[in-house]
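Enquirer:
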Amino acid sequence: MTTPPMVGPLGEVTCVRGETFVVSDPNGDILRGGDHGVYVRDTRFLDRLELLVDGLPPRPLTATDTGPSSATFHAYVPVAGAGPDPTVVVERRRVVDGCLHEEIHLRNHGRTDLEVEVGLRLGSDLAYIFDVRHDREIDPVPAEHRDGGLAFVRADGVDQVTVTVDPVAHRRDTDTLYVACQLPAGQRTRVCLDVVATDVYGTVSPPRRCVALPVPVAAPATPWHRPSWSVRCSDRRFTRLVERSVEDLHALRMVDPEAPDDAFCAAGSPWYLTLFGRDSLWTALMSLPFDLTLADGTLRTLARRQGTRHDLGTEEAPGKILHEIRRGSLTHRGDLPPNYYGTIDATPLFVVLAHEAWRCGLGDDRLRPLLPHVEAALGWLCSDGDSDADGFLEYRKLQARGLDNQGWKDSHDGVQFADGTLATPPIALAEVQAYAYDAARRGAELLRHFGRPGASGWDRWADDLADRFRASFWIEDHHGRYPAIALDGEKRAVDGPASNMGHLLASGLVDGTEAALIGAQLGHQRLASGWGLRTLASDSAGFNPLGYHTGSVWPHDTAIAVWGLAVRHQQDVATGLLRGLVEVAPGFSSRLPELFGGFARDEAPAPVPYPASCRPQAWAAAGALLLLRACLGLHADLPDGRVRIDPLWPPPFRSLEVTDLPIGDARLSVRIDRDRGVDAEVVDGDLALEVSEVPR
């Protein structure tokens, strides 16, 4: 099947692998003056890479995705006197692995031998990523001639980048390398380019270099093994979405430099290619049970950086899980400290992930060393997490550079009343109380299983939290009865329906009657756009379909709601939201973006991109796996030796099959068919399999 173009909403093409990503235009060129560039560890090493043939840019034809970390661009070069049809075709193959490697193939389809000069115009500003994001003016770095190529070196000599070509340039000027090429009729020639970057952490270079390329450049240079499990759906769009999401999660996979065996997912490209507590935790959680190693690595990476002291500058506190880390030589220029702990939700989510990973097969021997970190995180919930001792988790920034809002809707206007008034701190978010309740219940089970003290106390704490929440958060107005977005600093309920309530469903914080009320709100057209779940209701004063957290649709947010609705057996609303996301994906190269516009389906015949949306985005990609899990209704309890299949019914698709999914030491295959019902079997393992009865 031909892979669709991967051009972004502003005509940008992104390739990413680990800590490196490249953003260019649809012709493959990196153009000055925007966010284009070659980035490694939060530094932009190249801000210009333009291809010229005889002094002119080729005319673009297509940009084709050959994987999250590679792309191929086709263009043509007009030839005087050759007639109306293109005769010289340019194929530009790009691979991001380590750093950047490109091959530029020129083919002469004409009948006349040609001589052409390929030029590569280069530039670097060695800018910090936050300077790029906020469009701050950065002076370009002058080029130096080095090793037959060009180099750009910061004045301190630490950050530098070298660009070389093969064949060697026959001439160079201040910013351009020129290669003379003979192009006989009917033949092709090749020019190859390598980019090598060095910063305070070391040198990053492409493992595949220009000399002696033994394999096609379209294949990723660092091989990866596809999952042992497979999915097949009657709706090919869903199959491709899941497959593409797995590829994106691999491309965003990074390792802890302190423990290279521990992998986690960076939050997203281009702006968040680093460890984010909340995003990395949600990504690992939504990837279960499909990828247990990701959960294991994420837990250990965050445990090593768990707070141990009080620090107002970084907002660190004992037991607290960090918000984000930034690396590079210019982290002092960032909007936040390089190690920043300003997040209210990462700490309870850490406990939730530890427990869910254990239920999905993380052995006692792997979980036991994490128990002190789980206990420290639980301790934070009722100490620094509840700064005014009112029984709710709330936040306020502790230093001037900190985030005003510290839940997942962390923009300045992410928490507002129905009339548009912004909530003032300290703010207690509804979904964070759900995470805390879930963490307390799950933490109690872990403590009980491992013979640690305190389990009963955490169960009582969860019971009390549920009572307090019911008394303080539930409100009723012309929308009906629903949970408030938050409590503000004066303990007022922040009114107006919002997507936050979808996070309550699977946590256990709300009872069956309350869950039904939430489901009705989520299914209403003021929140359900037809493509997904709006972050803020369309009748709120502050609604903006292109507002970052004030009306846009975030796929991970919708996926969390779908999972909760499925758990609560609210199939109709769950299926409607799920199918909306599946229908969105083809417009975004078969992937789910970070967010997109919250326009109603009858207003926009296709989903409207959000201009600065990250693609790929880790929790959006993992959201596709959570949708798959919701379809299956897969609930694992490996410590008790059981797996339960309780599928969405009627199923969203005519048929859906998952084969050879590893569950602990066993493998599981499930087939759901609208006409034939559910078939499931455990292979090569000793697990008790429970399958819910469905009508035939």
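Mapped onto the working numbering, the consecutive letters of the sequence shown carry residue numbers 23 to 718.
The C-beta atom is built at its ideal place from N, Cα and C for all residues, glycine as well.
For R193, which residues of its own chain have a beta-carbon under 6 Å away from its beta-carbon, when the five flanking residues on both sides are left out?
Expert: The residue you call residue 193 lines up with position 171 of the sequence shown. Taken in chain order, the residues that qualify are Y200.
Enquirer: Spatial neighbours of Y98 within its chain, please: CB distance less than 7 Å, with the 5 preceding and 5 following residues excluded, ordered by chain position.
Expert: Within the sequence shown, numbered from 1, the residue matching residue 98 stands at position 76. Excluding sequence neighbours, Y98 sits near P80, R81, L83, P108, V110, V111 and V112.
Enquirer: Going by Cα to Cα distance, which pick from G171, L617 and V713 is closest to V218?
Expert: Translated into positions along the sequence shown, residue 218 becomes position 196. The shortest C-alpha separation from V218 is found at G171.
Enquirer: Reducing DSSP to helix, strand and coil, say where P31 ends up.
Expert: Numbered from 1 along the sequence shown, position 9 holds the residue referred to as residue 31. In this prediction, P31 has a pLDDT of 46, which is less than 50 and means its spatial position is unreliable; what the coordinates show is noted afterwards. Looking at P31 - three-state DSSP - the assignment turns out to be coil, as it is neither helix nor strand.
Enquirer: To which residues does DSSP link F298 through a beta bridge?
Expert: Mapped onto the sequence shown, residue 298 falls at position 276. Looking at the DSSP assignment, F298 forms a beta bridge with E346.
Enquirer: Quick one: is T220 buried, meaning 16 or more other Cβ sit within 10 Å of its Cβ, or exposed?
Expert: Taking the sequence shown and counting its residues from 1, one reaches residue 220 at position 198. T220 is buried by the Cβ-count criterion.
Enquirer: Determine, using beta carbons only, whether D510 and T572 come nearer to each other than 8 Å.
Expert: Translated into positions along the sequence shown, residue 510 becomes position 488. Translated into positions along the sequence shown, residue 572 becomes position 550. Contact flag unset, no.
Enquirer: How many Å lie between A339 and G329 at the Cα?
Expert: Here residue 339 is taken as the residue at index 317 of the sequence shown, counted from 1. Here residue 329 is taken as the residue at index 307 of the sequence shown, counted from 1. Their Cα atoms are separated by approximately 5 Å.
Enquirer: I believe L587 touches L603 by the beta-carbon criterion, under 8 Å. Please report the beta-carbon distance rounded to the nearest angstrom.
Expert: As a working mapping, residue 587 is identified with position 565 in the sequence shown. As a working mapping, residue 603 is identified with position 581 in the sequence shown. A Cβ-Cβ separation of about 13 Å leaves L587 out of contact with L603 under the 8 Å criterion.
Enquirer: Mapping the DSSP letters down to three states, classify C382 as helix, strand or coil.
Expert: Along the sequence shown, read from residue 1 onward, the residue named residue 382 stands at position 360. DSSP places C382 in the coil class of the three-state scheme, outside both helix and strand.
Enquirer: Buried or exposed for V705, going by 16 or more other Cβ atoms inside 10 Å?
Expert: Locating residue 705 in the sequence shown gives position 683, where the first residue counts as 1. Label assigned to V705: exposed.
Enquirer: Output the distance between the C-alpha atoms of H395 and M276, rounded to the nearest integer angstrom.
Expert: Residue 395 sits at position 373 when you count from the first residue of the sequence shown. Residue 276 sits at position 254 when you count from the first residue of the sequence shown. When rounded, the distance between both Cα atoms is 22 Å.
Enquirer: Check whether the region 639-651 and the region 295-314 touch, using three or more Cβ-Cβ pairs below 8 Å as the test.
Expert: yes
Enquirer: Can you grab the Cα-Cα spacing for the pair R133 / T211, in whole Å?
Expert: One-based indexing of the sequence shown puts residue 133 at position 111. One-based indexing of the sequence shown puts residue 211 at position 189. In a straight line, the C-alpha of R133 is about 16 Å away from that of T211.
Enquirer: Determine the contact status of F174 and L142, defining contact as a CB-CB distance below 8 Å.
Expert: Looking up residue 174 in the sequence shown gives position 152. Looking up residue 142 in the sequence shown gives position 120. The Cβ-Cβ distance between F174 and L142 does not fall below 8 Å.
Enquirer: From A477, P631, L375 and A520, pick the residue whose C-alpha is nearest to that of L392; which is it?
Expert: Taking the sequence shown and counting its residues from 1, one reaches residue 392 at position 370. Ranking the options by Cα distance to L392, first place goes to L375.
Enquirer: What is the rounded straight-line gap between the Cα of S494 and the Cα of A515?
Expert: Start at 1 with the first residue of the sequence shown, and residue 494 comes out as number 472. Start at 1 with the first residue of the sequence shown, and residue 515 comes out as number 493. Rounded to whole angstroms, S494 to A515 spans 7 Å at the Cα level.
Enquirer: Answer with buried or exposed for A508, where buried requires no fewer than 16 other C-beta atoms within 10 angstroms of its C-beta.
Expert: To locate residue 508, count along the sequence shown from 1; it is residue 486. With 16 or more other Cβ atoms within 10 Å, it is buried.
Enquirer: Since G299 and L271 are thought to touch, with beta carbons under 8 Å apart, how far apart are those beta carbons, to the nearest angstrom?
Expert: Position 277 of the sequence shown holds residue 299. Position 249 of the sequence shown holds residue 271. Rounded, the Cβ-Cβ distance is 17 Å, inconsistent with contact.
Enquirer: Are the beta-carbon atoms belonging to V183 and S227 less than 8 Å from one another?
Expert: Sequence index remark: in the sequence shown, residue 183 carries index 161 (1-based). Sequence index remark: in the sequence shown, residue 227 carries index 205 (1-based). For V183 and S227, no; Cβs fall outside 8 Å.
Enquirer: By alpha-carbon positions, which one of R114, L144, D687 and F414 ends up nearest to L384?
Expert: Translated into positions along the sequence shown, residue 384 becomes position 362. For the residues R114, L144, D687 and F414, the minimum Cα distance to L384 belongs to D687.
Enquirer: Who pairs with F43 in a beta bridge, going by DSSP?
Expert: As a working mapping, residue 43 is identified with position 21 in the sequence shown. Note: F43 sits in a beta bridge opposite V38 and Y61.
Enquirer: Would you grab the beta carbon distance between V584 and L558 for me? Rounded to a whole angstrom, and I think it's under 8 Å.
Expert: Here residue 584 refers to the residue found at position 562 of the sequence shown. Here residue 558 refers to the residue found at position 536 of the sequence shown. The pair is not a contact, with the Cβ atoms about 19 Å apart (cut-off 8 Å).
Enquirer: In whole angstroms, what is the alpha-carbon distance linking W628 and R54?
Expert: Along the sequence shown, one-based indexing puts residue 628 at 606. Along the sequence shown, one-based indexing puts residue 54 at 32. Checking the sequence, you will find Ala at residue 628 rather than Trp. A direct Cα-Cα distance of roughly 31 Å separates A628 from R54.
Enquirer: How many Å lie between I582 and G524 at the Cα?
Expert: Here residue 582 is taken as the residue at index 560 of the sequence shown, counted from 1. Here residue 524 is taken as the residue at index 502 of the sequence shown, counted from 1. Rounded to the nearest angstrom, the two C-alpha atoms are 7 Å apart.
Enquirer: Across which residues does DSSP place F312 in a beta bridge pair?
Expert: Here residue 312 refers to the residue found at position 290 of the sequence shown. Looking at the DSSP output, F312 sits in no beta bridge, so it has no partner there.
Enquirer: So P360 and I347 are in contact, right, with Cβ under 8 Å, and what is the actual spacing, rounded?
Expert: Taking the first residue of the sequence shown as 1, we reach residue 360 at position 338. Taking the first residue of the sequence shown as 1, we reach residue 347 at position 325. About 7 Å separates the two Cβ atoms, so the contact holds.
Enquirer: Counting pairs of beta carbons, one from the region 458-468 and one from the region 416-428, are three or more of them closer than 8 Å?
Expert: no
Enquirer: Using a Cβ-Cβ cutoff of less than 7 Å, which residues in the same chain neighbour T336 once the five nearest sequence positions on both sides are dropped?
Expert: The residue labelled residue 336 in the question sits at position 314 within the sequence shown. P359, N361, Y362 and Y363, listed in sequence order.
Enquirer: According to the Cβ coordinates, are A456 and S529 closer than 8 Å?
Expert: What you label residue 456 is simply residue 434 of the sequence shown in a count that begins at 1. What you label residue 529 is simply residue 507 of the sequence shown in a count that begins at 1. Yes, Cβ-Cβ distance for A456 and S529 is below 8 Å.
Enquirer: Please classify T36 as buried or exposed, where buried requires at least 16 neighbouring CB atoms within 10 angstroms.
Expert: For the purposes of this step, residue 36 is taken as residue 14 along the sequence shown, with counting starting at 1. Around the beta-carbon of T36, 16 or more other beta-carbon atoms lie within 10 Å, marking it buried.
Enquirer: Secondary structure at A702, three-state DSSP: helix, strand or coil?
Expert: Taking the first residue of the sequence shown as 1, we reach residue 702 at position 680. Of the three classes helix, strand and coil, the one that applies to A702 here is strand, per DSSP.
Enquirer: Comparing C-alpha positions only, which one of H471, P505, R482 and D499 sits nearest to A450?
Expert: If you number the sequence shown from 1, residue 450 lands on position 428. The residue with the shortest Cα to Cα distance from A450 is P505.
Enquirer: Residues bridged to H96 by DSSP?
Expert: Residue numbering aside, residue 96 sits at position 74 when the sequence shown is read from its first letter. According to DSSP, H96 bridges with T84 and E113.
Enquirer: Rounded to whole angstroms, what is the Cα-Cα separation between D561 and L531?
Expert: As a position in the sequence shown, residue 561 is number 539, starting the count at 1. As a position in the sequence shown, residue 531 is number 509, starting the count at 1. Looking at the two C-alpha atoms, the distance is approximately 27 Å.
Enquirer: Buried or exposed for D47, please, with buried defined as at least 16 other CB atoms from any protein chain shown within 10 angstroms of its CB.
Expert: If you number the sequence shown from 1, residue 47 lands on position 25. Buried.
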